[in-house]
Each structure stands twice: as C-alpha cells, then as structure tokens.
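Before any comments, here is the structure.
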Amino acid sequence: MLSDFARHANHHITELLRLLGGGELRDFAFVRAHAHCRASQRFPLEAMLHAYRAGHKVLLQWISDAAISAKPRRRQQIFEAVAAFSI
Numbered sequence: 011m012l013s014d015f016a017r018h019a020n021h022h023i024t025e026l027l028r029l030l031g032g033g034e035l036r037d038f039a040f041v042r043a044h045a046h047c048r049a050s051q052r053f054p055l056e057a058m059l060h061a062y063r064a065g066h067k068v069l070l071q072w073i074s075d076a077a078i079s080a081k082p083r084r085r086q087q088i089f090e091a092v093a094a095f096s097i
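The numbering of the sequence shown is the numbering used here, which starts it at 11 and goes up by one.
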C-alpha cells in the first residue's frame, strides 16, 4: 500500500510541476482512480482526505517559498498553477 501512496504522491508532484511549467489544466483522473481503489479497499475516507490536506499544505508551502524568490513575471504563472492545483 505504501508504494501505491508513493506513486500517487508522485503523480501529484508531476502534475504540479507540469502546471508550473505553463501546462494547461487537465482532468485529474488519477485522483479519481486512486480514490476508487481506496474505496474498494474500504480505506477510511477521513484518513485519505487528511493525507491530501497534509500533502497539499507541504507542496503549497514549497511553492509559496519559491514564489517569494521568483521574478515578478514568473510569480503570476506560479499563482495560476497553484490556483489550478488547489481546486
């Protein structure tokens, strides 16, 4: 199960980096697939949602730190990617 979580976290990071690179917002099908898998295993929803919140908090802190040191022109792109990812 830990390898599944690590793979899923990697999908999140990959998607976030793609958005930060200027990529278009896509369907987050990998999130639905992961949720479906966990539901079929009867994994507690509350625990899964807590893990998402904790992971997003860490990622957004890293991005915020990067945005502070970024050039003003790049900040807008960073903020747009964060907004798209956070929805």
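Ideal placement from N, C-alpha and C gives every residue a C-beta, glycine not left out.
Bear in mind the structure is a predicted one, so any value in this text is a computation, not a measurement.
Burial state of residue i, where buried means 16 or more other Cβ atoms lie within 10 Å
i	result
Arg42	exposed
Arg48	buried
Lys68	Looking at the sequence provided, one finds Val at residue 68 rather than Lys. By the neighbour-count rule (16 or more Cβ atoms within 10 Å), Val68 is not buried but exposed.
Glu56	exposed
Check whether residue i and residue j have beta carbons under 8 Å apart
i	j	result
Leu27	Ala94	no
Leu59	Val92	no
8 Å Cβ cutoff, residue i in contact with chain D
i	result
Asp14	The question asks about chain D, but that chain is absent: this structure has only one protein chain.
Rounded separation between residue i and residue j - CA only
i	j	result
Phe38	His18	12 Å
Leu12	Phe53	13 Å
Gly65	Ile23	10 Å
Enclosing alpha helix (DSSP H) for residue i [first to last residue]
i	result
Leu27	12 to 30
Lys67	55 to 79
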